[in-house]
Amino acid sequence: YKIAKYNYFPGWHQPATLFELLINKDVWEDIGETAQKQIETACLATFATTLAEGEATNYAAMVRNVEEHGVEIKYWTPEMLDAFEGAWNEVVAELSAEDPFFKEVWDDLTEYRAGYKIWATNRIPLDR
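Laid out in structure tokens, this is it:
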């Protein structure tokens, strides 16, 4: 609310939050299996906690911003979402042509998204 008086949905720009911890491969291999498992467990716990807390508290922040700070909730039209996607696809095409690693990562993510769509379209909606 301090920066923007409008919140637009859906959040097309961030369909998921990604977490990562980067550790040099040589360091990772040198720390031993026990430390590796401790780090993996801490990362999993952090991810689970952050996901649960975010899902549990986002609505309260939205309500507070609207009721206490006058923030307005707006929705992108299907035409606007199509325009955003079209512009992004142009960027992807350019970057894929210029950078083989970008193309490899994008292709992998695209394959994952296609598989995930099966779950997303078949889960039970909360407003049922």
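When you line the sequence shown up against our numbering, it's residues 8 to 135, in that order.
Where is the CB? At the ideal position from N, CA and C, for every residue including glycine.
According to DSSP, what are the bridge partners of residue i?
| i | result |
| --- | --- |
| N14 | I80 |
Look up residue i in the DSSP assignment and say whether it is helix, strand or coil.
| i | result |
| --- | --- |
| W19 | coil |
| G39 | coil |
| N96 | helix |
| E27 | coil |
| Y8 | coil |
| R130 | coil |
| D89 | helix |
| D115 | helix |
| D106 | coil |
Residue j and residue i - do their beta-carbons sit closer together than 8 angstroms?
| i | j | result |
| --- | --- | --- |
| K81 | Y8 | no |
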